[in-house]
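Participant: With our numbering, the residue at position 16 of the sequence shown is 24, and numbering never jumps.
Supplied in structure tokens, the structure appears directly below.
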Amino acid sequence: MCKIVVVKAFDLTRGYYSMLEKTTRMNYLFDFYQSLLTPKQRSYMSLYYLDDYSLGEIAAEYNVSRQAVYDNIKRTEAMLEEYENKLLLLQKFQERQVLFEKMKKMLEHDTLSISALQEAVEELEKLD
Numbered sequence: 009m010c011k012i013v014v015v016k017a018f019d020l021t022r023g024y025y026s027m028l029e030k031t032t033r034m035n036y037l038f039d040f041y042q043s044l045l046t047p048k049q050r051s052y053m054s055l056y057y058l059d060d061y062s063l064g065e066i067a068a069e070y071n072v073s074r075q076a077v078y079d080n081i082k083r084t085e086a087m088l089e090e091y092e093n094k095l096l097l098l099q100k101f102q103e104r105q106v107l108f109e110k111m112k113k114m115l116e117h118d119t120l121s122i123s124a125l126q127e128a129v130e131e132l133e134k135l136d
């Protein structure tokens with residue numbers, strides 16, 4: 009069974025992400041946009057978000073200050089969000105996942121008609 013993961017966008021009413029939401033979102037953004045980052049940005053983000061290193065551990069690894077690591081990660085997070093605002097790869101991925109799940113449910117319940125299939129395909133085409 010395929011699990012759909014919807015990563016919440018920034019919640020203006022709360023003014024923040026929960027730490028888990030932010031980490032999950034950053035991991036997805038990193039997956040989509042890591043090729044647009046410098047090697048140092050990729051390394052810091054990978055150590056911080058994927059390998060769960062602390063800022064101090066990364067700083068020791070690269071012989072830089074903790075503040076330098078923090079600043080680099082914050083700038084990189086902002087860049088990833090900016091890439092997403094312009095390219096919408098994560099958003100389109102999530103929308104595709106919802107459509108695929110909808111189609112699977114129609115197949116499971118034997119309610120997939122030609123018109124419903126055509127509608128789903130058209131929705132998928134709009135995402136590209």
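Where a beta carbon is used, it is the ideal one built from N, C-alpha and C, also for glycine.
Quick one: Cα of L58 to Cα of I122, how far?
Facilitator: In the sequence shown, residue 58 corresponds to position 50, counting from 1. In the sequence shown, residue 122 corresponds to position 114, counting from 1. Approximately 43 Å between the Cα atoms of the pair.
Participant: Are at least three pairs of beta-carbons, each pair with one atom in the stretch 57-76 and one in the stretch 27-44, less than 8 Å apart?
Facilitator: The stretch 57-76, when compared against the stretch 27-44, does touch it at the 8 Å Cβ threshold.
Participant: How would you call T119, buried or exposed, if buried means at least 16 neighbouring beta carbons within 10 angstroms?
Facilitator: Working through the sequence shown from its first residue, we reach residue 119 at position 111. T119 comes out exposed.
Participant: So does the stretch 75-90 actually touch the stretch 36-55, counting three or more Cβ pairs closer than 8 Å?
Facilitator: A contact exists between the stretch 75-90 and the stretch 36-55.
Participant: Closer than 7 Å: is that where the CB of L63 sits relative to any heavy atom of the ligand ATP?
Facilitator: The model depicted lacks the ligand ATP and carries no ligand whatsoever.
Participant: Quick one: residues in its chain with C-beta nearer than 6 Å to the C-beta of A128, no 5 flanking neighbours on either side, listed in chain order?
Facilitator: If you number the sequence shown from 1, residue 128 lands on position 120. Contacts found: L107, M111.
Participant: Exposed or buried, which one is L44 when buried takes at least 16 other CB atoms within 10 Å?
Facilitator: As a first step, residue 44 must be located in the sequence shown, where it is residue number 36. By the 10 Å Cβ count, L44 comes out exposed.
Participant: E131: which of K113, L115, R104, E116 sits nearest, CA to CA?
Facilitator: By 1-based counting over the sequence shown, the position of residue 131 is 123. The shortest Cα separation from E131 among K113, L115, R104, E116 belongs to R104.
Participant: For M9, name the three-state secondary structure that DSSP assigns.
Facilitator: Taking the sequence shown and counting its residues from 1, one reaches residue 9 at position 1. Any reading at M9 must be qualified, since the residue scores a pLDDT of 41, below 50, and its modelled position is unreliable; the value itself is stated next. Coil at M9, not helix or strand.
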